[in-house]
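So the protein lines, in turn, are chains D, H, W and B.
Once you know that position 165 of the first sequence is 239 in my numbering, the rest is easy, because the numbers rise by one and skip nothing.
Once you know that position 83 of the second sequence is 157 in my numbering, the rest is easy, because the numbers rise by one and skip nothing.
Once you know that position 165 of the third sequence is 239 in my numbering, the rest is easy, because the numbers rise by one and skip nothing.
Once you know that position 36 of the fourth sequence is 110 in my numbering, the rest is easy, because the numbers rise by one and skip nothing.
First the structure, in the form of structure tokens, and then the observations on it.
Number of protein chains: 4
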Amino acid sequence: MSTTTTTAAIRVTVWNEYRHEKKNATVAAIYPDGIHEAIAAALRKHPGVETRAATLDEPEHGLTQAVLDATDVLIWWGHMAHHEVSDDIVRRVHARVLEGMGMIVLHSAHESKIFMALMGDTCSLKWREATDKERLWVVNRSHPIAAGLPEHFELPAEEMYGEPFGIPEPEHVIFISWFTGGEVFRSGATWQRGNGRIFYFRPGHETYPSYHDANVQRVLANAVFWARPTVRIPRACPRAEPLEPLPVKG
Amino acid sequence: MSTTTTTAAIRVTVWNEYRHEKKNATVAAIYPDGIHEAIAAALRKHPGVETRAATLDEPEHGLTQAVLDATDVLIWWGHMAHHEVSDDIVRRVHARVLEGMGMIVLHSAHESKIFMALMGDTCSLKWREATDKERLWVVNRSHPIAAGLPEHFELPAEEMYGEPFGIPEPEHVIFISWFTGGEVFRSGATWQRGNGRIFYFRPGHETYPSYHDANVQRVLANAVFWARPTVRIPRACPRAEPLEPLPVKG
Amino acid sequence: MSTTTTTAAIRVTVWNEYRHEKKNATVAAIYPDGIHEAIAAALRKHPGVETRAATLDEPEHGLTQAVLDATDVLIWWGHMAHHEVSDDIVRRVHARVLEGMGMIVLHSAHESKIFMALMGDTCSLKWREATDKERLWVVNRSHPIAAGLPEHFELPAEEMYGEPFGIPEPEHVIFISWFTGGEVFRSGATWQRGNGRIFYFRPGHETYPSYHDANVQRVLANAVFWARPTVRIPRACPRAEPLEPLPVKG
Amino acid sequence: MSTTTTTAAIRVTVWNEYRHEKKNATVAAIYPDGIHEAIAAALRKHPGVETRAATLDEPEHGLTQAVLDATDVLIWWGHMAHHEVSDDIVRRVHARVLEGMGMIVLHSAHESKIFMALMGDTCSLKWREATDKERLWVVNRSHPIAAGLPEHFELPAEEMYGEPFGIPEPEHVIFISWFTGGEVFRSGATWQRGNGRIFYFRPGHETYPSYHDANVQRVLANAVFWARPTVRIPRACPRAEPLEPLPVKG
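As structure tokens, then:
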């Protein structure tokens, strides 16, 4: 049996702040069941993917240790309430990523506590809510996250995010975006922290239907398969007995 | 359907110089059907892996365009006859990697024409055939190529390869070896060239039974699954029509 | 005038926990004026390097905003009292690195709050205080931090640190260590966070005279020159006016 | 004395194909003494930089072993006559880079034999000679090659180069370009091969005055200082005596 394929389902938890949808009629019209449900519904079409949702206003933000223990890949969308996410929950999620859980960070979650903790960087960027079009160029077409995509695809209206983006040099840059207003952005990039694979993906401002876009949905599904853990290893910093004979202390 | 899993078989071609086995009784005793057959037999145990062999002394070294067209992942072992490999065949293999074929380069093939062409580097190292033991430490336990491996494993006798190893900074270093005689070596590392994923793996001197080792076999099987292509894209450098209106030339 | 060389001095602050030296006669004998002073004295031999020291038990650990404002490169040694370092000071240092200050992290500071915050990783490893010898192999001889070093050098007695080391894939690995007891370790590696260059260097257990070693001193001096900032840019996440005409909102 | 600064001059050789300037009046008007002389003149303004030129139609393309031996950093511009560059000279330059010589590859030299040999990749891209404007965003403002630059700068008219660019994942991406027609491009990126530091920089189509632009000139000067060698080490693949006792062969 191959160690790299398995028939077990991938358990995805989609975390969403879930505030804009309740406060803003435009957002509610686009995502009547929340951004999380739009994403989860798209993922569930893939055989072998199981989804659950978790949101900010649930107890422990829906991210109990039991939920994280049963999560292979965590997707994170947040924006207006980053500061309301408990530091303790952030530490719990961080620890779980280091053990091996995959993590997909979306759009405005570039400034979420968990992404900033994983990156150790500013995670800052330029932004503009206006009438820009976004064109995503696939700069690494053979990366598993780009499987099945055309050479480029467009989102007719999106918030602009512009460079410099304050991230550690990515392991792989998969997408670079062009914006009408003259900016560029590394829109899809990967890192590893501990045993966890991390993917940041730019699109998804709440006032646009980006998570209903077929190419965006394909990216998210590919990323889930890519980020799936192969190990779960708790942090340890052990004293180690020598494996070879050592000289006797003089 | 997920774009990143498929039920199609992975077609592996194991290329072997196949000279030592015919000239040296020690090597023949360890690999009576050739190094290629030892590797292929281990890979065929994995459902969904199909193997074929190709060797230096076949016409076109067994690597016709038709064979390469039907190859997803090419494994390469060579040592004493690197210079006998035709430059034309090397260019053909190189082009096929750039299109997307995976490539696994073994042991003394660090000085093969194809590895040197892919790396653009010296690919040089220190070496010693003596009585060293090799201990391979898994420095990236969550990489798919390390799936199912212990934290370290040993080969009781192997040729020593020592740093500095003249390779481009790898995308991921997976193994670092410790040798009895005092050296260290980046024994497993990955790169991408064009659309092809490349893995170099150090063990496998012809006078030792390393390709019969269960951990070595697991690494090779994992690497085959990891290197499997998701695209095949021929090289092109096209003139492109603009996607947005351009100013009229003054 | 070249933009990359300058005649201004490099201002180095050497931060030391400075506890072992006061409590342990062995350590005091090796570093009578503290580890910080041994390092600073070696650096001051280089024209154009100015040093100051800062220690845990000073007010604000000696790291007031004014001191950090006047620091180009911060060196950090800590071990037994990581938890006594104030979270506020860690945030202040972190912010200063992101603006551009260079940072050199030594030995047991792999578990310091500041290194863990910069890396976002476990930073864990194996360790052993015994009778190991350490041999550092220079795997990237042309990196500026390796300038003037031989191909390898030895520290006759050091604490062992072993892989797996829980760090993000480094931008460059410069040193890999061999230990008598059978382990290996990525002993010198670089990253960037924000605008700051970061170098981790393994040697320097308090009971051994490693910071009196000529090769170790050369590494530290090289690292100071390498980490010197070329910019200081405060974190900002600004709204940006378009640089090109945007379509009018429909 | 610091090992990383020195008062010796940096010896730069600017290699130019030097054909367009002789055949095309537009190009000749922009670069009356050749592209090489425009670049060299800008570099010579920096104290400590010495320049010489070499061109395709000189014997050995001006790149004798003696010239390369006396070159610290080689700059390369070529376009219409890549195929006329002798394979032997390419091998000579390649070997010199691996020893430690810095290399700066400009614009259409993305398809030069030497860049393709160093990268091992397709080096292909999209292109268009039209009326695009190029805006270069500095995505890594603290890289030494970006010293002294604004956050972005523009070239009012340039040939378009678009992604996907067939290069190995760079060690650092410094510039990403936005083009009017809707494309993006990684316009400045670094790699290391052997002991040589390599920088690719996109601008410089022969029909535009890009090498007279102050920001472009600053990039080139910064790159020369960055690429300066700290070692010269010939390729070797030696048998190594053990540094520790080995078991006696049984």
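Quick reminder that beta carbons are idealized off the backbone N, C-alpha and C, glycines included.
In this structure, DSSP gives I241 of chain D a state outside helix and strand, which the three-state scheme calls coil. Beta-bridge pairing by DSSP links R126 of chain D to D:T87. Within the same chain, Cβ atoms closer than 7 Å to the Cβ of I113 of chain H are found at V88, I149, Y285 and L294, the five residues on either side in sequence being excluded. Look at R302 of chain W here: in three-state DSSP terms it is coil, with no helix or strand label. For H135 of chain W, there is no enclosing beta strand (DSSP E), as DSSP marks it with neither H nor E. Put simply, of H:V179, H:P277, H:R166 and H:E134 the residue whose alpha carbon is nearest the alpha carbon of F227 of chain H is H:P277. At least 7 Å separates the CB of A115 of chain H from every CB of chain D.
For the 7 Å CB-CB criterion, P308 of chain B and G255 of chain H do not form a contact. Residue-level contact check: R215 of chain D touches chain H, since one or more beta carbons of chain H fall below 7 Å from its beta carbon. When DSSP states are grouped into helix, strand and coil, V293 of chain D belongs to the helix group. In this structure, the alpha-carbon of E185 of chain W lies about 10 Å from that of C311 of chain D. Measuring C-alpha to C-alpha distances from G236 of chain W to each of H:E208, H:W252 and H:H157 identifies H:W252 as the nearest. Distance between R166 of chain H and D131 of chain H, taken at the CA atoms: about 17 Å. Judged by DSSP in its simplified three-state form, M190 of chain D adopts helix.
Beyond the five residues adjoining it in sequence on each side, M190 of chain D comes within less than 6 Å, by CB distance, of C197 in the same chain, given in chain order. The C-beta of T254 of chain D comes closer than 7 Å to at least one C-beta of chain W. Put simply, the CB of W211 of chain W is near chain H, with a gap under 7 Å to one of its CB atoms. Within the same chain, D206, E208, P277, H279, Y282 and S284 come within 7 Å of E232 of chain D by CB-CB distance, once the 5 residues on both sides are set aside.
In chain order, W211, V212, V213, N214, R215 and E225 make up the part of chain D whose C-beta sits under 8 Å from the C-beta of P238 of chain B.
It is roughly 31 Å from the alpha-carbon of L199 of chain D to the alpha-carbon of A204 of chain B.
Collapsing the DSSP output to three states places S182 of chain D in a helix. Put simply, the backbone Cα of G136 of chain W is about 48 Å away from that of E318 of chain W.
Neighbours of G174 of chain W in chain B, taken as residues whose beta carbon is under 8 Å from its own, are S216 in chain order. For E257 of chain D, the chain B residues whose Cβ falls inside 8 Å of its Cβ are W211 and W252, in order along the chain. Taking the beta carbon of L317 of chain D as reference, the chain H residues within 9 Å of it are R209, H226, E228 and W252, listed in sequence order.
Counting only runs of at least 3 residues, the region 143 to 173 of chain W fully encloses the following beta strand (DSSP E) elements, listed from N- to C-terminal order: 147 to 151. P121 of chain W and D146 of chain W have their C-alpha atoms spaced approximately 15 Å apart. For K323 of chain H, at least one C-beta of chain B is nearer than 7 Å to its own C-beta.
When beta bridges are read from the DSSP output, Y285 of chain W appears opposite no residue.
Using a Cβ-Cβ cut-off of 7 Å, A310 of chain H is close to S198 of chain B, given in chain order. Neighbours of E245 of chain W in chain B, taken as residues whose beta carbon is under 7 Å from its own, are E245 in chain order. Straight-line measurement puts the Cα of N98 of chain B at about 13 Å from the Cα of D107 of chain B. Between the C-alpha atoms of E124 of chain W and G268 of chain W there is a straight-line separation of about 24 Å. Comparing alpha-carbon positions, the option among D:I104, D:V86 and D:S216 lying closest to H94 of chain D turns out to be D:I104. Comparing alpha-carbon positions, the option among B:E134, B:I84, B:A102 and B:S182 lying closest to M154 of chain B turns out to be B:S182.
One thing to note: W211 of chain H has its Cβ within 7 Å of the Cβ of I250 of chain H.
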